[in-house]
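Taking the UniProt record's numbering, the leading residue of the sequence shown gets 1, the next gets one more, and so forth. Just below is one structure, and these are the notes that go with it.
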Amino acid sequence: MSAEVEFNNKKEIHLRTLKQSGHVGFDSLPDQLVNKSVQGGFVFNVMCIGETGLGKSTLMDTLFNTSFESTPSPHTLPSVKLKAHTYELQESNVRLKLTICDTVGYGDQINKDDSFKAVVDYIDAQFENYLQEELKIKRSLVTCHDSRIHICLYFICPTGHGLKSLDLVCMKKLDSKINIIPVIAKADTISKMELQRFKAKIIQELNSNGVHIYQFPTDDETVAETNTSMNSHIPFAVVGSTEFIKVGNKLIRARQYPWGTVQVENETHCDFVKLREMLIRTNMEDMREKTHTRHYELYRQKRLEQMGFSDVDSENKPISFQQTFEAKRSNHLAELQSKEEEVRQMFVQRVKEKEAELKDSEKDLHAKFEKLKRDHAEEKRKLEESRKALEEDYLDFQRRKQQLATAHHTLTLGKNKKK
Ligand SMILES: Nc1nc2c(ncn2[C@@H]2O[C@H](COP(=O)(O)OP(=O)(O)OP(=O)(O)O)[C@@H](O)[C@H]2O)c(=O)[nH]1
Ligand SMILES: [Mg+2]
């Protein structure tokens, strides 16, 4: 039974607890959930950040007890590149789609200013893919491959001297985007005493620089105790190996040295088992959940704000998605209208200017035409005058020619008579 109460425009439902008189069966809900999840399979995406050759691929092989294809990276790459490979693993009837994302060339450049940029861009791109899928009208969130990174193993060089500035800068840039577990790589190269000091120094440097690393959850009482104790072992000092040795009847992963053997799964030798326990067996689901509820949520919030959406209006009153959309739409239309008006005004102005220009050039042309006309008339007048003068000269010439001809004739006649 429920009663709805109107409060602050929100309906509050007051629930009354009832007892059934017999078993109904909804106590099987958790089993239904488990069956459904097992059928769908699981996705887990790990990012390994660490300098070239720090043992990232070996540790992944050791963690998942398999051999992922990997090729050693050169130390000469001009920039950091991210490479992701996805594998299907199966244990009992549980299928796991595992993506391992590697930072190729990390820390190899002389100028390391931008080393973290490629990593940040990659993480954001995976969030953006998910967001775009979420914003579609026809969404396929269940079937589309979720490539968001659930955990980042940050490999620290076993120098014994604390963190490098690249480590601090990169972890600081990533801590709000991703769950980070720092691990001390190749921990067999550092002595027991040094390791304790090294761990303490790393934690102190992370704290003083405000870097938030992933903490195993302590709110679930079934794992609270283990997780609390494990949180105090971070950063885990790990050793990886692809070699096996025989101890009794068992083949175990180990690294052999002239002075002895390091057994990867021996808790007195390194923290590998602690890491595997925490990463795979106890907290994998928490990492997936935190990625969605904390890191992705933050990204989504920022992106939607960038797009102009908000939960409250300028007067801090709650505003719905539709209202924001409509307000944005009318703003956009008003902006368009004012732009259109501006363009129209500009057009009219340009037409006026062009008209004035055309009028000026018409005037010029007219003046030129008038001048040409005058020049032409003057030329014509002068030509007429010279034609008349020439005609008169011609007539005069003809007259004289006539006179001369007459005189010559008279002279010839006179001579003939004398003969
Ligand atoms: N001493 C020691 N050597 C290790 C450990 N893990 C790996 N190595 C060795 O370090 C070398 C590089 O290991 P990879 O696993 O290829 O290192 P990576 O970080 O994947 O290297 P890139 O992918 O090339 O950057 C190999 O010779 C490994 O045998 C370890 O825990 N301790
Ligand atoms: Mg590798």
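A virtual CB, placed ideally from N, CA and C, is assigned to each residue, including glycine.
Short Cβ contact (8 Å threshold) for residue i with residue j
i: VAL211; j: LEU275; result: no
i: GLU51; j: CYS157; result: yes
i: LEU77; j: GLY105; result: yes
i: PHE300; j: LEU131; result: The sequence as given places Arg at residue 300; Phe does not occur at that position. Yes; because the gap between Cβ atoms is below 8 Å, this pair is in contact.
i: ASN111; j: VAL38; result: no
i: ARG288; j: PHE64; result: no
i: ARG255; j: GLU243; result: yes
i: ILE149; j: ILE123; result: yes
i: MET193; j: PHE216; result: no
i: PHE155; j: ILE49; result: yes
i: ALA118; j: CYS101; result: no
i: THR226; j: ILE245; result: no
i: LYS97; j: GLU91; result: no
i: TYR214; j: ASN179; result: yes
i: GLU205; j: LEU163; result: yes
i: VAL238; j: LEU59; result: yes
Near ligand 2: residue i beta-carbon under 7 Å from a heavy atom
i: PRO74; result: no
i: LYS339; result: no
i: SER57; result: yes
i: SER67; result: no
Near ligand 1: residue i beta-carbon under 7 Å from a heavy atom
i: VAL46; result: no
i: ASP102; result: yes
i: VAL239; result: yes
i: LEU54; result: yes
i: SER70; result: yes
i: residue 424; result: Residue 424 lies beyond the stretch modelled for the chain, which goes from 1 to 419, so this question has no answer here.
i: GLY25; result: no
i: residue 426; result: No statement about residue 426 is possible, as the shown extent of the chain runs from 1 to 419 and does not include it.
i: GLY260; result: no
i: GLY50; result: yes
Nearest-angstrom Cα separation, counted from residue j out to residue i
i: CYS144; j: LYS177; result: 21 Å
i: PHE321; j: ARG329; result: 12 Å
i: SER21; j: ASP286; result: 37 Å
i: residue 443; j: ARG344; result: The chain is shown from 1 up to 419; residue 443 falls before or after that span and cannot be answered.
i: GLY308; j: GLU335; result: 15 Å
i: GLN196; j: GLY240; result: 20 Å
i: MET228; j: THR222; result: Residue identity differs from the one stated: residue 228 is Thr in this sequence, not Met. One C-alpha to the other measures close to 11 Å.
i: CYS349; j: GLU342; result: The question names Cys, but residue 349 in the sequence shown is Gln. Near 10 Å, if we compare the C-alpha coordinates of GLU342 and GLN349.
i: GLU357; j: VAL351; result: 10 Å
i: THR406; j: GLU391; result: 22 Å
i: HIS409; j: GLN402; result: 11 Å
i: HIS233; j: LYS201; result: 13 Å
i: LYS359; j: HIS366; result: 10 Å
i: SER2; j: SER28; result: Confidence in SER2 is poor, its pLDDT being 47 and thus under 50, which makes the residue's placement unreliable; the coordinate value appears in the next sentence. The straight-line gap from Cα to Cα measures roughly 24 Å.
i: VAL169; j: PHE116; result: 8 Å
i: VAL34; j: MET284; result: 15 Å
i: LEU413; j: SER386; result: 40 Å
i: GLU297; j: LYS138; result: 21 Å
i: LEU383; j: ARG400; result: 25 Å
i: VAL80; j: GLY40; result: 34 Å
i: LEU135; j: PHE325; result: 14 Å
i: PRO30; j: ILE203; result: 39 Å
i: ASP113; j: LEU82; result: 17 Å
i: SER314; j: ALA327; result: 12 Å
i: GLN337; j: ASN331; result: 10 Å
Residue i, buried or exposed, once every other Cβ within 10 Å from all chains shown has been counted against 16
i: HIS295; result: buried
i: GLN126; result: buried
i: LYS199; result: buried
i: GLN263; result: buried
i: residue 420; result: Given a span of 1 to 419 for the chain in the structure shown, any question on residue 420 remains unanswerable.
i: ARG253; result: buried
i: ASP219; result: exposed
i: HIS269; result: buried
i: LYS388; result: exposed
i: MET171; result: buried
i: GLY107; result: buried
i: PRO235; result: buried
i: ASN207; result: exposed
i: SER140; result: exposed
i: ASP271; result: buried
i: LYS186; result: buried
i: LYS290; result: buried
i: ALA377; result: exposed
i: TYR394; result: exposed
i: ILE13; result: exposed
Closer than 8 Å to chain C by CB, residue i
i: TYR106; result: Absent from the structure is chain C; it holds one protein chain and no more.
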